[in-house]
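Numbering (our numbering), first residue to last: 37 to 342.
Note that beta-carbon positions come from the ideal geometry of N, C-alpha and C, so glycine has one too.
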């Protein structure tokens with residue numbers, strides 16, 4: 037692969053990781069105007085849904101033009117079901133948790149989802165639990181506990197509730213990762229993601245209309261811009277950036293670059309939201325990123341050709 041393609045690939049993944057890191061910042065800024073998790077989640081889906089529908093339609097058209105078979109009905113239904121677990125449920129829990137915890141703690145808690153993936157995979161999917169996995173889990177959750185205790189001293193029981201909700205979101209996403217593989221291999225990543233996210237978006241909007249009877253449109257333009265940023269800049273665009281970059285540099289390099297995402301979220305939180313960053317935050321962050329990074333590095337070494 038030529039140098040230019042590598043530079044483009046690394047740049048796309050880095051930009052995508054940075055945009056993914058901005059999600060909690062957009063949400064926290066929106067909460068200043070309207071302290072309503074379901075509302076900002078619904079508007080996020082309003083902006084993201086049309087893009088995923090169009091992308092899915094283009095992928096279907098491409099398959100037909102190339103004479104490729106359409107996915108089985110069971111695969112499509114599976115993608116919808118997994119989308120509800122991995123996106124709809126995970127987003128409800130994550131956005132709810134952000135009502136009570138800092139953007140820093142939320143990002144670090146979500147970042148531990150590979151550790152949940154290890155233990156759930158070992159319990160239900162026949163994956164092997166290794167010493168590396170246990171070390172990574174211990175270091176990561178020691179770091180998360182450090183940040184949690186620091187924030188708990190200021191926020192009390194609300195921090196506990198928020199952390200539990202975000203960890204529930206991480207569990208949901210880990211389950212999604214484990215269950216999605218078989219359907220991605222059959223449908224392709226683009227079509228699977230379009231179906232899964234479209235299902236999650238439609239379910240979210242249906243949730244709003246069932247619970248509240250309508251979608252509130254009385255917010256300021258500033259709020260709508262934040263909602264658009266959450267849906268497009270922090271969801272749709274980074275998805276395409278990371279996928280395009282991955283195609284050029286591979287899964288291994290993509291995984292390593294993505295490990296900087298929590299650091300970017302923390303930087304944005306401190307600079308844009310004015311969140312405190314103490315020595316205990318620094319220690320906790322180093323442990324969480326180090327634990328997950330160590331696990332990623334060992335998995336990469338194990339799967340790399342000799």
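Through-space distance from residue j to residue i, alpha-carbon basis
i: residue 154; j: residue 211; result: 10 Å
i: residue 255; j: residue 270; result: 20 Å
i: residue 263; j: residue 167; result: 43 Å
i: residue 156; j: residue 164; result: 11 Å
i: residue 330; j: residue 146; result: 17 Å
i: residue 171; j: residue 158; result: 15 Å
i: residue 203; j: residue 174; result: 16 Å
i: residue 129; j: residue 201; result: 5 Å
i: residue 247; j: residue 118; result: 23 Å
i: residue 303; j: residue 132; result: 22 Å
i: residue 233; j: residue 277; result: 17 Å
i: residue 111; j: residue 187; result: 43 Å
i: residue 295; j: residue 125; result: 24 Å
i: residue 80; j: residue 273; result: 13 Å
i: residue 327; j: residue 148; result: 9 Å
i: residue 127; j: residue 104; result: 33 Å
i: residue 193; j: residue 185; result: 11 Å
i: residue 250; j: residue 72; result: 14 Å
i: residue 141; j: residue 100; result: 45 Å
i: residue 162; j: residue 213; result: 15 Å
i: residue 89; j: residue 96; result: 11 Å
i: residue 299; j: residue 244; result: 33 Å
i: residue 85; j: residue 52; result: 19 Å
Endpoints, alpha helix (DSSP H) assigned at residue i
i: residue 204; result: 193-223
i: residue 90; result: 73-101
i: residue 42; result: 39-57
i: residue 121; result: From DSSP, residue 121 is part of no alpha helix (DSSP H); its letter is neither H nor E.
i: residue 254; result: From DSSP, residue 254 is part of no alpha helix (DSSP H); its letter is neither H nor E.
i: residue 142; result: 139-147
i: residue 305; result: 297-308
CB contact flag (residue i, residue j, <8 Å)
i: residue 56; j: residue 297; result: yes
i: residue 259; j: residue 66; result: yes
i: residue 198; j: residue 324; result: no
i: residue 280; j: residue 123; result: no
i: residue 240; j: residue 78; result: yes
i: residue 301; j: residue 60; result: yes
i: residue 252; j: residue 75; result: yes
i: residue 41; j: residue 284; result: yes
Cβ shell of residue i (< 6 Å), same chain only, five flanking positions each side left out
i: residue 182; result: 316, 319 and 320
i: residue 152; result: 206, 207 and 210
i: residue 47; result: none
i: residue 223; result: 107 and 111
i: residue 216; result: 118
i: residue 115; result: 219, 228, 231 and 232
i: residue 169; result: 154
Other residues of its chain near residue i: CB distance less than 7 Å, five sequence neighbours each side excluded
i: residue 64; result: 134, 139 and 309
i: residue 397; result: The chain is shown from 37 up to 342; residue 397 falls before or after that span and cannot be answered.
i: residue 290; result: 49, 278, 281 and 282
i: residue 91; result: 226 and 230
Any non-hydrogen atom of the ligand NAD within 7 Å of residue i CB
i: residue 106; result: In the structure shown, the ligand NAD is absent, as is every other ligand, since no ligand is present at all.
Same chain only: Cβ atoms within 8 Å of residue i, ignoring 5 sequence neighbours per side
i: residue 333; result: 292
Proximity test, Cβ basis, 8 Å: residue i and chain D
i: residue 295; result: Protein chains in the displayed structure number just one, and chain D is not present.
Inset, instruction - Assess, as a yes-or-no matter, whether the segment 221-230 is touched by the segment 38-54 under the definition of 3 or more beta carbon pairs within less than 8 Å. - result: no
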